[in-house]
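K.L.:
In my numbering, the protein residues as written are 1 to 122.
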């Protein structure tokens, strides 16, 4: 028996806000959208889907789990997602810590030239 990650679920207040942000950031499609839940799916069906579920409580501390996103040009992608509503938190040598519009942390990671994004999962 083998396990696979089916989705990553993110608790939030505004499911549509986060679904819109993440579908634009990742080039995903939105397959479900209500005030209670929204789903963002990879149209190539290579990466896991993101599910946004409305919860009443606010985010109060740093995420225990976060998403790392590979980029061929980290700085260009940081600026692009900032334009979508993300916030830059801190930049290190090969990655930048960001926050989505509801404050969930994620990182944009510079991939090496020898391993471009296009070569992933082909």
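The beta carbon of each residue, even a glycine, is placed where N, CA and C say it ideally should be.
(1) Taking only the alpha-carbon atoms, compute the straight-line gap between residue 102 and residue 13 and give it to the nearest angstrom.
(2) For the candidate residues 89, 49, 16 and 8, whose alpha-carbon lies nearest to that of residue 62?
(3) In the DSSP assignment, the alpha helix (DSSP H) including residue 83 goes from what residue to what residue?
(4) On the criterion of 16 or more Cβ atoms from any shown chain inside 10 Å, does residue 108 qualify as buried, or is it exposed?
(5) Which one or two residues does DSSP pair with residue 23 in a beta bridge?
(6) Among 95, 82, 54 and 48, which has the Cα closest to the Cα of residue 71?
(7) Under the three-state reduction of DSSP, which class applies to residue 96: helix, strand or coil?
P.N.:
Put simply:
(1) 8 Å
(2) 89
(3) 74-83
(4) buried
(5) The partner list for residue 23 (beta bridge, DSSP) is empty, contrary to what the question assumes.
(6) 95
(7) strand
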